[in-house]
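So the sequence shown is numbered by UniProt numbering: it starts at 1 and just counts up by one. Don't be surprised by glycine CBs; every beta carbon is placed ideally from N, CA and C. Below is one structure, written out as structure tokens; comments come after it.
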Amino acid sequence: MGKNEMKRGISQRSSDAGVSDSVGVPLLDLLRKTYSPKHYGSASSNLVGKFTQSVRRIVQDVKDEGSPSGMSREELLETNERLRAVRIRLEESYDTAKKALVTLMNKYGDSKSQRNVFNRYPMLKLMIKDVIRLETQYWTLVEIPKQEKLETVPAFVLRACSIMEKSQKSGESVKTSAKLAEEAAEKRERMERLEMMTTAQIEQENTQMINDLYRLLKKYTGLRNLIRELKSEYGNSKIYPIFPRYTMLKDMIKDIMHDPDYMEVCHERT
């Protein structure tokens, strides 16, 4: 069979299939491009990208859904950061107050070895002064408001947070560049951790922090009141001569020693 006859045969078969030579070649080229490995890989990549975006949108929708308290995600994040900062500040004051009272008891116990009243009397005065001095250092012990009768725990804790935030600690604003960089890095880590949590999880953590902070507020308030009462009683005792006042000073210390607010925390590790 000659070349001309072969061409006529191919043309005839294409015509019988309903595809002309002018259409067949472009169509084949299109099919080759469409189903080539390069094109298929690009299409697959696009599908994966779209799927990933869809998953991210779904996760974000879950995170951004409203919380039971009605607070937005941004408000919950802000509250979380506030509670954390206030807790650190309160823990410092709590540890200071507790350490001062525990030290007072230790010094009182040591002073019992001194049998001479005239020698022990100045020792009692000095150890009490070391504690009540905290009342004059406004930046050392923070002020905590009283809880109103009908005030809920979250409302009271957040109100206490607002008051503590306004009373800035002396020297707190003076920070080195290294300290600022350290705090910024810690905050980034906290934000990254919270970003992986849903809105409900963040609110649950906030609720736990509020409850923990409430208990700490109560314990701190108890110790703070003991120090305040000690300061008042010590001042009132100055009008008495040495012998009755000596007994009064001992009673002041022993009253704190047996007070439930002190007994609750005196065995905690400082």
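By DSSP, does Gln201 sit in helix, in strand, or in coil? In the structure shown, Gln201 adopts helical secondary structure according to DSSP, grouped into three states.
How big is the Cα-Cα spacing for Lys187 and Pro145? 28 Å
Rounded to whole angstroms, what is the Cα-Cα separation between Lys219 and Phe118? So the two alpha carbons sit approximately 36 Å from each other.
Same chain, Cβ closer than 6 Å to Thr79, neighbours up to 5 away in sequence not counted: Asn206
Considering only their Cβ atoms, is the gap separating Leu216 from Lys252 smaller than 7 Å? The amino acid at residue 252 is misidentified as Lys; the sequence shows Met. Taking 7 Å as the Cβ cut-off, Met252 and Leu216 do not qualify as a contacting pair.
Sub-7 Å separation of Asp261 and Gly222 beta-carbons: Yes; because the gap between Cβ atoms is below 7 Å, this pair is in contact.
State buried or exposed for Ser93, treating a residue as buried only when at least 16 other CB atoms are found within 10 Å of its CB. buried
Looking only at C-alpha atoms, which of Ala181, Thr152 and Tyr121 sits nearest to Thr247? Tyr121
Glu203 burial status per 10 Å Cβ neighbour count (16 or more: buried): buried
Could you compute how far the alpha carbon of Leu134 sits from the alpha carbon of Gln208? Each residue's Cα considered, the two are about 31 Å apart.
How many Å lie between Thr96 and Thr140 at the Cα? 8 Å
Where in the stretch 75-157 do unbroken runs of the alpha helix (DSSP H), each at least 4 residues long, occur, reported from the N-terminal end onward? 117-132
Under three-state DSSP, which class holds Arg215? Look at Arg215 here: in three-state DSSP terms it is helix.
At the level of alpha carbons, what is the spacing between Met127 and Met257? 14 Å
Can you check which of these residues, Leu76, Lys98, Val86 and Leu90, is closest to Arg269 by C-alpha distance? Comparing Cα positions, the closest option is Lys98.
Nearest-angstrom Cα separation, counted from Ala178 out to Lys201: According to the sequence as given, residue 201 is Gln; it is not Lys. So the alpha carbons of these two residues sit roughly 32 Å apart.
Per DSSP, what kind of secondary structure is Gly70 in: helix, strand or coil? Coil at Gly70, not helix or strand.
May I ask which residues mark the beginning and end of the alpha helix (DSSP H) holding Arg269? Going by DSSP, Arg269 is part of no alpha helix (DSSP H) at all; its letter is neither H nor E.
Spatial neighbours of Leu28 within its chain, please: CB distance less than 6 Å, with the 5 preceding and 5 following residues excluded, ordered by chain position. Model confidence at Leu28 stands at a pLDDT of 44, short of 50, so the residue's coordinates are unreliable and nothing is read from them.
By Cβ distance below 8 Å, which residues in the same chain neighbour Val55 in space, the five residues on each side in sequence not counted? Note on Val55: pLDDT 48, under 50, position unreliable in the model; the coordinate value appears next. Answer for Val55: no residue qualifies.
Would you decide whether Phe156 is buried or exposed? Buried here means 16 or more other CB atoms lie within 10 Å of its CB. buried
Suppose you measure from the CA of Glu91 to the CA of Val142; what does that come to, to the nearest Å? 10 Å
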